[in-house]
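What follows is a short report on a single structure.
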Amino acid sequence: MVKRAQILGSAAVLIGLMSACSNLRTNMQLLPVREYERMIVGRLDAEYIGTDNCVAKCHTHEKITSDFRRSVHGEQIKPDTKMPLVNCESCHGPGSLSIAKLGDDVADNDAQKRKCDTTTFLDLNKLPAPAKSLICLKCHAEASLPILSHWNASPHALNNVACTDCHRLHKGPTQKVTREEMADLCYGCHPEIKAQNLLPSHHAVRDKKIVCADCHEVHGSQQDKLLKGLTPKETCTRCHMDKQGPFLFEHGDVTEDCNNCHQPHGSVNRPLLNSSMPFLCLQCHPGHRSTTLDTYNGVAQSTKKLTANRCTDCHSQVHGTNIPAPTRSGTHNSWSGKGLQ
506 MVKRAQILGS AAVLIGLMSA CSNLRTNMQL LPVREYERMI VGRLDAEYIG TDNCVAKCHT
566 HEKITSDFRR SVHGEQIKPD TKMPLVNCES CHGPGSLSIA KLGDDVADND AQKRKCDTTT
626 FLDLNKLPAP AKSLICLKCH AEASLPILSH WNASPHALNN VACTDCHRLH KGPTQKVTRE
686 EMADLCYGCH PEIKAQNLLP SHHAVRDKKI VCADCHEVHG SQQDKLLKGL TPKETCTRCH
746 MDKQGPFLFE HGDVTEDCNN CHQPHGSVNR PLLNSSMPFL CLQCHPGHRS TTLDTYNGVA
806 QSTKKLTANR CTDCHSQVHG TNIPAPTRSG THNSWSGKGL Q
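Read left to right, the sequence shown gives residues 506 to 846 (the working numbering).
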């Protein structure tokens, strides 16, 4: 009897679990996003009224409205584009309560200095960075921008950087930082990179010829340091194509990582070297020694001295070459493996 009761109990538990699993597969209707925005605002009596009604009763936001209409987001309001509707309330939430106390006479509202009540909007300044980004990501997902599939796990998102920290939607029609302004924007969080770019040997960021986004994918990447290339060398050779190869005789240490020899943002040694030559090369290579005859107390003695010239005075193709090196006898040995010497 006890065993039978245990079997019946186990069966009951199994039936309960199966019914629970079937409930998980039931389609549960989600509320529209606008309903959740009402909840965040805390005023369920607010209604969506559209951008035109929001700005029709005052001139305070004329500049913002003009910039928005000429922006990428504002253009999507046009019905003939067949794009999702994007307007002020898409980010700020329902706006009916904000203009409830304004009259229909625009001139009188301006004379009385009556403004819309912005406290009824989503308080974006008090939202944490992930919540701010979610407002953007409800439209901008990997379906619209594939690179955003990496955003949630990116260093920027994990360090509480929100979309609005870089994208100024009210600043102008471009709604993103220009190439001329990008370096200063990035330096706000990366002061050590700014210091490196002020060193004597530096990349052309200071000259406005390249920008941070030319090398780094700011929205997220599967590579270290948010690099755009699969390897550091692939990133660098997008501009430095003469170093790309493949070469018959390659410099083994630079086939994947240019950082073995170069500082990417700036260095006191030219050209962006980690240390000056020949000391940089001597970290891996024994160097060349020359034999000289010196006289000590009237006796000629041979002395071997380490050559201290710049290695590139002789080895100009340090990244790789297709030209074999001459052997000690003066003939070329195409299989000697000394193409860099």
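Here a beta-carbon is modelled for each residue, glycine too, at the ideal position from N, C-alpha and C.
Would you kindly work out how many angstroms separate the C-alpha atoms of residue i and residue j, rounded to a whole number?
i	j	result
residue 727	residue 745	22 Å
residue 730	residue 721	7 Å
residue 657	residue 712	33 Å
residue 655	residue 829	45 Å
residue 775	residue 689	24 Å
residue 719	residue 785	28 Å
residue 618	residue 605	15 Å
residue 660	residue 571	34 Å
residue 613	residue 639	38 Å
residue 766	residue 754	18 Å
residue 772	residue 671	28 Å
residue 696	residue 714	20 Å
residue 710	residue 691	12 Å
residue 851	residue 788	Look at the range of the chain in this structure, 506 to 846, and you will see that residue 851 is not part of it.
residue 561	residue 743	50 Å
May I ask you to report which of helix, strand or coil DSSP gives residue i?
i	result
residue 792	coil
residue 638	helix
residue 654	helix
residue 695	coil
residue 774	strand
residue 821	coil
residue 649	coil
residue 706	strand
residue 663	helix
residue 748	helix
residue 576	coil
residue 715	coil
residue 601	coil
residue 630	helix
residue 848	The requested residue 848 is not part of the displayed model; the chain covers only 506 to 846.
residue 836	Interpretation of residue 836 is limited by its pLDDT of 44, a score under 50 that renders its predicted location unreliable; the figure taken from the coordinates is listed afterwards. Looking at residue 836 - three-state DSSP - the assignment turns out to be coil, as it is neither helix nor strand.
residue 742	coil
Check the DSSP bridge columns for residue i and list the partner residues they point to.
i	result
residue 722	For residue 722, which the question treats as bridged, DSSP gives no partner whatsoever.
residue 754	826
residue 767	778
residue 732	721
Query raised in the report: Contact between the region 677-687 and the region 642-649: three or more CB pairs below 8 Å?
Result: no
Query raised in the report: Does the region 731-740 come close enough to the region 662-674 that 3 or more CB-CB pairs lie under 8 Å?
Result: no
**Report entry** beta strand (DSSP E) runs wholly inside the region 547-572, at least 3 long, in chain order
**Finding:** none
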